[in-house]
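If you read the sequence shown in numbering that gives the first Met the number 0, its first letter stands for residue 0, the second for the next number, and so on.
For each residue, glycine too, the CB sits at the ideal point set by N, CA and C.
Please read these numbers as outputs of a predicted model, since none were measured by experiment.
Just below is one structure, and these are the notes that go with it.
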Amino acid sequence: MTGSDGVKKVRDPGIDFIRVIACLIVIGTHVDVMGTGDSTKLLIRLLLSDGVTLFFVISGFFFFKKGFKETLKRSLTNIVLPGIVVMFLTYLFSPFIRGEKSIIQCLTYPELDLPGFITDVFSWGGGIRESLASHLWYIFTYLQLVLAYPLLKPLYTKDDRYRKYRWFIMVFIFINQIIMDLNMTGLISLLPVQVSPFMLYTTPAMLLMAGAELSMMMPVLKKSTRLKEVRIGAVVVFAVTLVLRFVMQREVFRLNSTQDFYIYWNCAFATVESISFIIFVLSFDFRDNKLIQTMARAGKYTFYIYLLHYGIYHMLFFRMGPDWSLGLIDLNNGYDTLPKEILHILIRVPTVFILSLAASAVIVRTGEFFKTPKK
0 MTGSDGVKKV RDPGIDFIRV IACLIVIGTH VDVMGTGDST KLLIRLLLSD
50 GVTLFFVISG FFFFKKGFKE TLKRSLTNIV LPGIVVMFLT YLFSPFIRGE
100 KSIIQCLTYP ELDLPGFITD VFSWGGGIRE SLASHLWYIF TYLQLVLAYP
150 LLKPLYTKDD RYRKYRWFIM VFIFINQIIM DLNMTGLISL LPVQVSPFML
200 YTTPAMLLMA GAELSMMMPV LKKSTRLKEV RIGAVVVFAV TLVLRFVMQR
250 EVFRLNSTQD FYIYWNCAFA TVESISFIIF VLSFDFRDNK LIQTMARAGK
300 YTFYIYLLHY GIYHMLFFRM GPDWSLGLID LNNGYDTLPK EILHILIRVP
350 TVFILSLAAS AVIVRTGEFF KTPKK
């Protein structure tokens, strides 16, 4: 693959590896974590919470490197259009996915709610009604960020004179994110004063900006003579944040058993954990690591895996039952032990990932075949 300047682009295996990890985490959130107890289930859910956060930060590595026109065109062509096509197919073939009809029956006797589909598209995905397409909100959020591109792009200049303003914006959004978290969880009511967040901000925009900052810092980081300290610091920050997040969510469950906002990808804890994880991974040089490079090859397919995995999982769910485990788990007593819960995750996530990867590879390579100029 070559860029517009004719120079061959080389994919960074570290970034692609993070994409694959993020994809596995997103799948993990959709395969029904059972849990052998409250603490076990909470810990597993926390470890599988931040796939979307990672995607937004990694997207920021490249988001501001092109002009608005090219960025908009690429986003519409490579993200929004495929997402809407998959949404339409999900609405059309949802009876097949649920095992109620064959593909032929879906085509000959469609139950497509076309007005609902059009409503969901033109409401920016905010009202997605077909549960099998509910994860596709992401593409509409990303498009909104692209449309806000002209507001942020001027802050990224060659002489980098606006860095302090960018950091002010990110810190401002992060503080409001913390306040929003406290409001959403109800913990703000425990304080002697009531504080409401300033609503003119967006967490995804902050994550994109954080990714852009990291991309500018990476060359310096990789040349640093203190990489060991950086890695230890990243691990400590990640571990401390995870523990605090666990404790805070336990407290929230004690006050309100149904409120699980600290498990969401857009809480402040997710931001800190994801950035520290990315710094840790990218502090390594994977050019000679064959295992990581092999895993990273799936990075080019992660967007289509994201689009397809939900439907693939539900086809397995409806055909094999809600407790499907390929016959490898004895569920006579339910998920009553920690090994069963670990097996539950280790069976479902790789199965859905591999099937989605295979389908994605076919789609991507078919598209590349038709794009290749014929001699």
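Query                                                                                                                   : Result
Alpha carbon of F352 to alpha carbon of V194, nearest angstrom                                                          : 42 Å
Alpha-carbon spacing of L71 relative to H134, whole angstroms                                                           : 22 Å
Simplified DSSP assignment, three categories, for D159                                                                  : coil
Residue from R244, G126, M208 and A238 whose Cα sits closest to the Cα of T184                                          : R244
Three-state secondary structure assigned by DSSP to D284                                                                : coil
Three-state secondary structure (DSSP) of K289                                                                          : helix
Alpha-carbon to alpha-carbon, G82 and F16                                                                               : 23 Å
Nonlocal neighbours in the same chain, by C-beta distance under 6 Å from D158, ignoring five residues either side       : none
DSSP-derived helix/strand/coil call for F139                                                                            : helix
Residue-chain proximity (V234, chain D), Cβ-Cβ < 8 Å                                                                    : Among the protein chains of the structure shown there is no chain D, as only one such chain exists.
Check whether R249 and L23 have beta carbons under 8 Å apart                                                            : no
Of the listed residues M179, K64, F252 and D119, nearest to Y148 (C-alpha basis)                                        : K64
Bounding residues of the alpha helix (DSSP H) (the contiguous stretch that carries A357)                                : L337 to K370
Rounded C-alpha distance that separates R162 from Q104                                                                  : 57 Å
C-beta atoms of S273 and D49 nearer than 8 Å                                                                            : yes
Every unbroken alpha helix (DSSP H) within the region 6-92, with a cutoff of 4 residues, ordered by chain               : 12-28, 37-46, 50-62 and 67-74
Buried or exposed (CB count within 10 angstroms, at least 16 for buried), Y108                                          : exposed
Cβ contact (3+ pairs, closer than 8 Å) linking the region 276-292 and the region 250-258                                : no
Span of the alpha helix (DSSP H), counted from its first residue to its last, around S214                               : T202 to K221
Contact check, T89 vs G310, beta carbons under 8 Å                                                                      : yes
Supposed contact pair T240 and F173 - C-beta distance, whole angstroms, cut 8 Å                                         : 13 Å between Cβ atoms; not a contact.
Rounded Cβ spacing between V377 and Y300 (contact assumed at less than 8 Å)                                             : Nothing about residue 377 can be read from this structure; the chain reaches only from 0 to 374.
Top-ranked residue by Cα proximity to G258, from V219, L181 and F285                                                    : Checking the displayed sequence, the identity of residue 258 turns out to be Gln instead of Gly. It is L181 whose Cα lies nearest to the Cα of Q258.
Residue of I177, L306 and G320 minimising C-alpha distance to L356                                                      : L306
Cut-off 6 Å between Cβ atoms - residues of its own chain near R44, not counting five sequence neighbours on either side : V32 and I262
Short Cβ contact (8 Å threshold) for M205 with M169                                                                     : yes
Three-state secondary structure assigned by DSSP to D112                                                                : coil
Status (buried if at least 16 other CB within 10 Å, exposed otherwise) for V84                                          : exposed
Spatially closest choice to M208 from W166, M314 and D322, by CA coordinates                                            : W166
Anticipated Cβ contact below 8 Å, N265 with T336, distance rounded                                                      : No, N265 and T336 are not in contact; Cβ-Cβ is about 33 Å, not under 8 Å.
Assigned exposure category for D119 - 16 Cβ within 10 Å defines buried                                                  : buried
Buried/exposed call for M86, threshold 16 Cβ in 10 Å                                                                    : buried
With 16 other Cβ atoms within 10 Å as the buried cut-off, status of S256                                                : exposed
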